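Residue numbers (the numbering used here), protein chains in the order written: chain A, 57 to 200; chain B, 102 to 247.
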Amino acid sequence: MATINATVSISSDISSYPVRINNSMTMKKAGSCHGLDETTGLRTKKFTSTTDAVIVEHDELTDDKAHKVYIRNTSSSKENYFYIAYNASAAAATTAETIGKLYGGDWMLFPYDGNVNIVAASSTTDTQVLEYMVFADGIVAAAG
Amino acid sequence: MATTTATLRLSSSDLQPGNTLSINATSTLMKAGLTTGLTQVESGVISLALETESRLGPLGTEISGGVHDIASWLYLCNKATDDTYYIDWGIHETNIGKLYAGDWMFIPWSASDDVAAIELEAQVAAQTIEYAFFNSNFILAADAGA
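Here's what the structure looks like:
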């Protein structure tokens, strides 16, 4: 059993009462006190077109579990972004399952059931790099 | 201009033996495509009834000017402590994951069409969540009696 810790800190002065969120979690298997102990590894993918690409293939993961997905746009541009979607087909933009847009420097971390692919599409033909990692609650070995 | 900053630290000394995991990421959240900060925040603590689908935040149609593809951010935490408790989260009738007791998540949410909405459903038992939306485009729903 491994111990994977994730800590978030969010601060904002939008309101008169400054927002300060600080929280930590230890990633656990579904319905269990045991920690996640598998990963697909930290990956980077360079995009030079707006063509959609599957970045997380659900076939590699056990269905209906408590996987966690980390994704970050490593570029610095606040004009360009990646669409991120939960979608069976390679379409990430303006579908019902589009989650959101990751602009330069933005990151996301979310629980993922492993039932459908995670797809990304760049908004530009300029080079952008996506960094991502799945903390898995079960990896399915590829058939030989 | 308001400044909203989100920082993530991911660490593990034993997930990959001989290769300590340490990821640090910080982002200053901006309006879509701009370098000006977000201007609205909505936060709270709410209870979710067992196996009752609930919508968190507005529909796409309740966003200023009916615009979509906004820059909006959601922080969500399941405050339950029983490891077997979880909340299904998804967008528009599509479950995406299970937010177990003590877990948190942070995502961009762009309200890609009129019916896009963040949907939550507590499983096993009623549960309490803590949430915060950061954005710049939401408007209050019209008074139905007006």
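Cβ atoms here follow ideal geometry from the backbone N, Cα and C, with glycine treated the same way.
None of the values given here were measured: they were computed from a predicted structure.
According to DSSP, is residue i part of a helix, a strand, or is it coil?
{"i": "Asp119 (chain A)", "result": "coil"}
Does any residue of chain A bring its CB to less than 7 Å from the CB of residue i?
{"i": "Tyr201 (chain B)", "result": "yes"}
{"i": "Leu111 (chain B)", "result": "yes"}
{"i": "Phe207 (chain B)", "result": "yes"}
{"i": "Ile197 (chain B)", "result": "yes"}
{"i": "Met131 (chain B)", "result": "yes"}
{"i": "Gly145 (chain B)", "result": "no"}
{"i": "Leu149 (chain B)", "result": "no"}
{"i": "Leu116 (chain B)", "result": "yes"}
{"i": "Thr229 (chain B)", "result": "no"}
{"i": "Ser211 (chain B)", "result": "yes"}
{"i": "Gly119 (chain B)", "result": "no"}
Is the beta carbon of residue i less than 7 Å from the beta carbon of residue j?
{"i": "His123 (chain A)", "j": "Gly91 (chain A)", "result": "no"}
{"i": "Val225 (chain B)", "j": "Tyr201 (chain B)", "result": "no"}
{"i": "Leu151 (chain B)", "j": "Ala212 (chain B)", "result": "no"}
{"i": "Ser112 (chain B)", "j": "Ser123 (chain B)", "result": "yes"}
{"i": "Thr96 (chain A)", "j": "Val190 (chain A)", "result": "yes"}
{"i": "Gly134 (chain B)", "j": "Glu135 (chain A)", "result": "yes"}
{"i": "Trp210 (chain B)", "j": "Leu175 (chain B)", "result": "yes"}
{"i": "Leu109 (chain B)", "j": "Val196 (chain A)", "result": "no"}
{"i": "Asn120 (chain B)", "j": "Ile171 (chain B)", "result": "no"}
{"i": "Leu221 (chain B)", "j": "Ile188 (chain B)", "result": "yes"}
{"i": "His114 (chain A)", "j": "Val185 (chain A)", "result": "no"}
{"i": "Val142 (chain B)", "j": "Ser71 (chain A)", "result": "yes"}
{"i": "Asp162 (chain A)", "j": "Thr104 (chain B)", "result": "no"}
{"i": "Met81 (chain A)", "j": "Trp205 (chain B)", "result": "yes"}
Could you check which residue in the options has the C-alpha nearest to that of residue i?
{"i": "Thr100 (chain A)", "options": "A:Tyr188, A:Ser145 and A:Ile195", "result": "A:Tyr188"}
{"i": "Thr106 (chain B)", "options": "B:Ile192, B:Met131 and B:Phe239", "result": "B:Met131"}
{"i": "Asp214 (chain B)", "options": "B:Pro118, B:Ile192 and B:Ile188", "result": "B:Ile192"}
{"i": "Asn236 (chain B)", "options": "B:Val216, B:Gln228 and B:Ile208", "result": "B:Ile208"}
{"i": "Ile219 (chain B)", "options": "B:Thr127, B:Thr104 and B:Gly198", "result": "B:Gly198"}
{"i": "Gly203 (chain B)", "options": "A:Ala58, A:Met83 and A:Asp69", "result": "A:Met83"}
{"i": "Asp120 (chain A)", "options": "A:Arg128, A:Lys85 and A:Lys134", "result": "A:Lys85"}
{"i": "Pro118 (chain B)", "options": "A:Ala149, A:Thr59, A:Ile70 and A:Ser65", "result": "A:Thr59"}
{"i": "Arg156 (chain B)", "options": "B:Ile171, B:Ala217 and B:Asn238", "result": "B:Ala217"}
{"i": "Leu98 (chain A)", "options": "A:Arg128, A:Ser71 and A:Ser105", "result": "A:Arg128"}
Is any beta-carbon of chain B found at less than 7 Å from that of residue i?
{"i": "Ala192 (chain A)", "result": "no"}
{"i": "Phe166 (chain A)", "result": "yes"}
{"i": "Tyr73 (chain A)", "result": "no"}
{"i": "Tyr188 (chain A)", "result": "no"}
{"i": "Ala62 (chain A)", "result": "yes"}
{"i": "Arg76 (chain A)", "result": "no"}
{"i": "Ser67 (chain A)", "result": "yes"}
{"i": "Lys157 (chain A)", "result": "yes"}
{"i": "Lys101 (chain A)", "result": "no"}
{"i": "Asn79 (chain A)", "result": "yes"}
{"i": "Ile195 (chain A)", "result": "no"}
{"i": "Lys85 (chain A)", "result": "no"}
Using 8 Å as the threshold, is the segment 106-118 of chain A in touch with the segment 165-176 of chain A, meaning 3 or more CB pairs across them?
yes
With a cut-off of 8 Å, do at least 3 Cβ pairs link the segment 116-133 of chain A to the segment 140-159 of chain B?
Counting Cβ pairs under 8 Å, fewer than three are found: no touch.
Validate contact between the segment 84-98 of chain A and the segment 151-168 of chain A using beta carbons, cut 8 Å, 3 pairs:
Taking a contact to require three or more Cβ pairs closer than 8 Å, the segment 84-98 of chain A and the segment 151-168 of chain A do not qualify as touching.
Tell me whether the segment 129-142 of chain A and the segment 62-75 of chain A touch, counting them as touching only if at least three CB pairs, one residue from each stretch, are closer than 8 Å.
The answer is no - the segment 62-75 of chain A does not touch the segment 129-142 of chain A, with fewer than three Cβ pairs under 8 Å.
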